[in-house]
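Remember, our numbering sits 120 above the position in the sequence shown when you count from 1.
A quick write-up on the structure given underneath.
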Amino acid sequence: MANEVKVSLTLTADAAHVLEKQASPRKRGEFVSSLLIQYGAADAGIEAVDIEGLKLQMLGLSSSNKTLEGRVLKLERQLAAVIGGRG
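Given below as structure tokens:
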């Protein structure tokens, strides 16, 4: 992380317990940073995280579409062979 700032925070016992469960001591800063960024982005409207998620979903849908196209082409060839065998 290029722009890191060291901060000292006082958390409630419940918040500290959640943080301990969610992230290792070395990853807690990243976890809290991510939460704060998502919280701030949610106030601004569309979240950057949502955009990345949508991109990944579109890639997944595209991949599924290509797979289905391949299966349809295979079925079409098989059907053409069956029809051709009758005539």
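Glycine residues also receive a C-beta, built at the ideal position from the N, C-alpha and C atoms.
Remember, it's a predicted structure, so these values are computed and weren't measured experimentally.
Item, Value
"Extent of the continuous alpha helix (DSSP H) run through V138", "133 to 142"
"Rounded C-alpha distance that separates V202 from E196", "10 angstroms"
"CA-to-CA distance, R148 to I171, given in whole angstroms", "24 angstroms"
"Collapsed DSSP secondary structure at L195 in the structure displayed", "helix"
"Three-state class that DSSP yields for K68 in the structure shown", "No statement about residue 68 is possible, as the shown extent of the chain runs from 121 to 207 and does not include it."
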